[in-house]
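Take the sequence shown: its position 58, counted from the start at 1, is 109 in our numbering, and no numbers get skipped.
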Amino acid sequence: MIDKTAREARAIRDARTLFAEALTDLGLMEPFFHRSAEDIDRLIEAAVTGYIDSMQDQAARKERTGTALDDPIPF
52 MIDKTAREAR
62 AIRDARTLFA
72 EALTDLGLME
82 PFFHRSAEDI
92 DRLIEAAVTG
102 YIDSMQDQAA
112 RKERTGTALD
122 DPIPF
């Protein structure tokens, strides 16, 4: 994220808690324990950016329903 707004920066800081909880639950906290806040924020930003980019790409396409009528060639 380039030029984060104050709200975006706050959301990333707030996400650190859930990120730490997930790492702990998965038994992965040890490699991350002494990382800087900037490193952790970078990981969170990468996940959020990937998620948002994917959602935007998906929104640009019609969602398939999985039925026979969903196929452009219905036979």
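Backbone N, C-alpha and C fix where the C-beta goes; we use that ideal spot for every residue, glycine too.
Runs of the alpha helix (DSSP H) lying entirely within the region 73 to 110 and spanning at least 4 residues, in chain order: 80 to 83, 88 to 110. Judged by DSSP in its simplified three-state form, T116 adopts coil rather than helix or strand.
By the Cβ rule, the region 82 to 99 counts as touching the region 66 to 74, because three or more pairs are nearer than 8 Å. Between A97 and the set A66, A57, R58, the nearest pair of CA atoms involves A66. DSSP, read as helix, strand or coil, puts D65 in helix.
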